[in-house]
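Data first, discussion second: the structure below is written as structure tokens.
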Amino acid sequence: MTLHVEVEQVAPTPLAGAFRCEDGELLALVGPSGAGKTSMLRVLAGLTRPQRGRVVVGEAVWFDTASGVFLPPQRRRVGLVFQDYALMPHLSALENVSLPLLHLAPPARERQAREWLDRVRLSAAQQNRRPADLSGGEQQRVAVARALARAPRLMLLDEPFSAVDQMNRQGLYQLLADLRRDMAIPIVLVTHDLHEAAMLADRLVVMDAGHVLQQGPPAAIHRAPRNARVADLVGIQNRFQGRWIGPSAREGWGLLQWCADAGTAVDPDRLPLLTVRDKRRIDAGQAVHWVLAGDAITLLERPPQGAGEFGAVVSEARPLGEITLLALALDAVPGVTLRLTLSGPQRRQVEVGARVTACVDLGLVHVMPVRGR
Amino acid sequence: MDWQALILSLQLAGATLAVLLPLGLWLGRWLARTRFAGKALVEALVVLPLVLPPTVLGYYLLVSLGGASPLGRWAAETLDLRLTFSFTGLVVASVIFNVPFIVQPVQRAFEAIPRGLTEAAAVSGLGIWQTWRRVEMPLAWPGVLSAVVLTFVHTMGEFGVVLMVGGSIPGETRTIAISIYDRVQAFDLAAADRMALLLLVLSLGAVTMSFFASARLAARR
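Protein sequences appear in the order of chains A and B. For the first sequence, my numbering begins at 654 and goes up steadily by one. For the second sequence, my numbering begins at 13 and goes up steadily by one.
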């Protein structure tokens, strides 16, 4: 039951993009607030009808402007967990979960509702309470049970982690993992938390200002964001300015000049030239952005030797639990800071002011044009 | 004590509610849920009977329902009904001057239901009627109850419009409020006293009960 989505809307708010999600796959819509993530979710649920597009789940066409099909939410078999849960305040947890089961006779309805509530681990006493008498985490589990009771062909979760504390998050991760194993339906969740999206999702769909900018596995997007905006949105810290010089002597590789940020006076001839992979997308002489994943940088305790090694001074060292966040000021490019995360024994040796050598894996440098999608 | 007038007032209030409650539920919910050009005008029309002097409202009703008006003539010829100086006419007038008393609280009650709840009902597969019965009405109920009580009590006590449209025909249009006025005119203060006190106690009791019930219902949510 693969989900296929295509949406194109100009007014009242822009919303455009296409993506797909396979059975048992978890897709995260990510982006800043106002990016159109929740709007996209509402389109999937049938709560809003965009100007043009298509929503297909398996064989079932839920929405298609070309053939004039629009199924209301009642006919979509979709499980939606609202951000604020939207539980009926006058009904008990059990009655809330019974709502999608009204087609059953009362005894069967109650039995099934209890099964779903057992499955999200709500005790018998809690099942008879109203939402106001349940904790936030318990309310969320009732909302998940209600969505599951619909026997959905598509599961949607709107910011499921936003109102849940750290302890309940672990439970929610487990619940999501169980769901994926048992249900084998597409799951789409909306989040602004990139860390969580990268951890849970098989695919990310990065949105901004109503448009889908890029999609793919989280690691692939982190390695190769399509443009500077995507790099910012997915939280890539090592993003730098540069100039594309052109092909190098080595086949498939090109020359990139590392430029200081605007406003820093530097002699251009003294800026380092990097030999990086050439995807033949960029014209010689063009200004570019380029990014470096944190795991492409290692620290050495000897002076720099050869390409990809740079002398630097530790300008910031922030210990955070089991890791240390490090900022390095590069000798070769004044004003530029390289950021990386250290863990393990290496953490003990770095302190602010120490001289180190940053070794950059140039094969992992990703170059993007300054403009364009 | 003019028992006939009291019974007539109760009948008038009951008949008004029977007509107005379904209408008010529909109109109030529609105003709460829909946005359209000219909504402000519709809302102003709903409130108009509240701010208009009863004699002005009564005058226009008298003119537009009377035998010389097209509506009055049509009612007389087709339905064999008199719309002025008759109980039927009083019910029509009463429905109109009570519109704000029922529509406004109902509208506020439906407006207070978060949009997400009706959407959650739709996503759970509930149709319009199931959503109405299982989600909207249970949540809007305190507001609807106070609308019903206000309308009932207001009809019992309305004077100006009733006098203009119905006059004071015993057993037909002389309600308890009119009867009090008649008794005062006839210097029968003892009878006026008893009826005024009855109306006071009835009104205070009904409004208190509706506040009490609303608070209880609100606390249960």
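Just so it is clear, CB atoms sit at the ideal spot from N, CA and C, and this is done for glycine as well.
{"Query": "State the CB to CB distance for the pair residue 723 of chain A and residue 705 of chain A, rounded to an integer number of angstroms; the pair is presumed to be in contact (CB under 8 Å).", "Result": "The Cβ separation is near 12 Å, so there is no contact."}
{"Query": "Specify whether the region 746 to 758 of chain A and the region 677 to 694 of chain A touch according to this definition: at least 3 beta carbon pairs, one from each stretch, less than 8 Å apart.", "Result": "no"}
{"Query": "Looking only at its own chain, which residues have a Cβ that is under 7 Å from the Cβ of residue 912 of chain A, when we skip the five neighbours before and after it?", "Result": "894, 895, 896 and 924"}
{"Query": "So residue 867 of chain A and residue 856 of chain A are supposed to be a Cβ contact under 8 Å. How far apart are they, rounded?", "Result": "In fact, because the Cβ distance is near 11 Å, the residues do not count as touching under 8 Å."}
{"Query": "Leaving out five residues on either side along the sequence, give the residues of the same chain with a beta carbon under 8 Å from the beta carbon of residue 960 of chain A.", "Result": "927, 928 and 1015"}
{"Query": "Can you tell me whether residue 136 of chain B is helix, strand or coil according to DSSP?", "Result": "coil"}
{"Query": "If the cut-off is 8 Å on Cβ atoms, which residues from the region 116 to 140 of chain B count as contacting chain A, listed in chain order?", "Result": "126, 128, 129, 131, 132, 133, 134, 135, 136, 137, 138 and 139"}
{"Query": "Just verifying my parser: in three-state terms, what is the DSSP assignment at residue 843 of chain A?", "Result": "strand"}
{"Query": "Can you check which of these residues, A/935, A/1008 and A/825, is closest to residue 1019 of chain A by C-alpha distance?", "Result": "A/935"}
{"Query": "Check each candidate in A/949, A/781, A/815 and A/773 and name the one with the smallest Cα separation from residue 796 of chain A.", "Result": "A/773"}
{"Query": "How far does the alpha helix (DSSP H) with residue 46 of chain B in it reach, from first residue to last?", "Result": "Premise fails: residue 46 of chain B is in no alpha helix (DSSP H) and is neither H nor E."}
{"Query": "Find the nearest neighbour of residue 115 of chain B within the set B/146, B/190 and B/58, judged by alpha-carbon distance.", "Result": "B/58"}
{"Query": "Determine the chain B residues that contact residue 671 of chain A at a beta-carbon separation under 7 Å, and present them in chain order.", "Result": "Within 7 Å Cβ-Cβ: nothing; residue 671 of chain A doesn't reach chain B, min ~23 Å."}
{"Query": "Helix or strand or just coil, what does DSSP make of residue 673 of chain A?", "Result": "strand"}
{"Query": "Can we say the region 662 to 679 of chain A touches the region 836 to 851 of chain A, given the rule of at least three CB pairs closer than 8 Å?", "Result": "yes"}
{"Query": "How far does the beta strand (DSSP E) with residue 894 of chain A in it extend, from its first residue to its last?", "Result": "892 to 900"}
{"Query": "Starting from the Cα of residue 973 of chain A, find the closest Cα among A/1000, A/965 and A/953 and give me that residue.", "Result": "A/1000"}
{"Query": "Suppose you measure from the CA of residue 718 of chain A to the CA of residue 728 of chain A; what does that come to, to the nearest Å?", "Result": "17 Å"}
{"Query": "Rounded to whole angstroms, what's the CA-CA distance from residue 766 of chain A to residue 791 of chain A? Just pull it up for me.", "Result": "15 Å"}
{"Query": "Which residue spans inside the region 786 to 869 of chain A form an unbroken alpha helix (DSSP H) run of at least 4?", "Result": "789 to 802, 819 to 836 and 847 to 853"}
{"Query": "Do the region 202 to 220 of chain B and the region 160 to 175 of chain B touch if we need at least three Cβ pairs shorter than 8 Å?", "Result": "yes"}
{"Query": "Going by CA-CA distance only, name the one from B/103, B/133 and B/107 that's closest to residue 753 of chain A.", "Result": "B/133"}
{"Query": "Is the separation between the beta-carbon of residue 172 of chain B and that of residue 66 of chain B shorter than 7 Å?", "Result": "yes"}
{"Query": "Tell me whether the beta-carbon of residue 25 of chain B lies closer than 7 Å to the beta-carbon of residue 168 of chain B.", "Result": "yes"}
{"Query": "How close, in whole Å, do the beta carbons of residue 891 of chain A and residue 945 of chain A come, if the pair is a contact with beta carbons under 8 Å?", "Result": "4 Å"}
{"Query": "State buried or exposed for residue 663 of chain A, treating a residue as buried only when at least 16 other CB atoms are found within 10 Å of its CB.", "Result": "exposed"}
{"Query": "DSSP three-state label for residue 1021 of chain A, please.", "Result": "strand"}
{"Query": "Could you please give me the residues that DSSP links to residue 996 of chain A through a beta bridge?", "Result": "A/976"}
{"Query": "Ordered along the chain, which non-local residues of its own chain (more than five positions away) have a Cβ less than 8 Å from that of residue 739 of chain A?", "Result": "796"}
{"Query": "Please classify residue 716 of chain A: does DSSP put it in a helix, a strand, or coil?", "Result": "strand"}
{"Query": "Please confirm whether residue 100 of chain B and residue 177 of chain B have their CB atoms less than 7 Å apart.", "Result": "no"}
{"Query": "Using a Cβ cut-off of 7 Å, pull out every chain B residue sitting near residue 803 of chain A, in sequence order please.", "Result": "136 and 137"}
{"Query": "Look at the alpha carbon of residue 883 of chain A and the alpha carbon of residue 859 of chain A, and state the distance between them as a whole number of angstroms.", "Result": "7 Å"}
{"Query": "For chain A, check one thing: does any of its Cβ atoms lie closer than 7 Å to the Cβ of residue 150 of chain B?", "Result": "yes"}
{"Query": "Bridge partners of residue 911 of chain A, per DSSP?", "Result": "A/895"}
{"Query": "Would you call the region 38 to 54 of chain B and the region 121 to 131 of chain B in contact, with 3 or more CB pairs under 8 Å?", "Result": "yes"}
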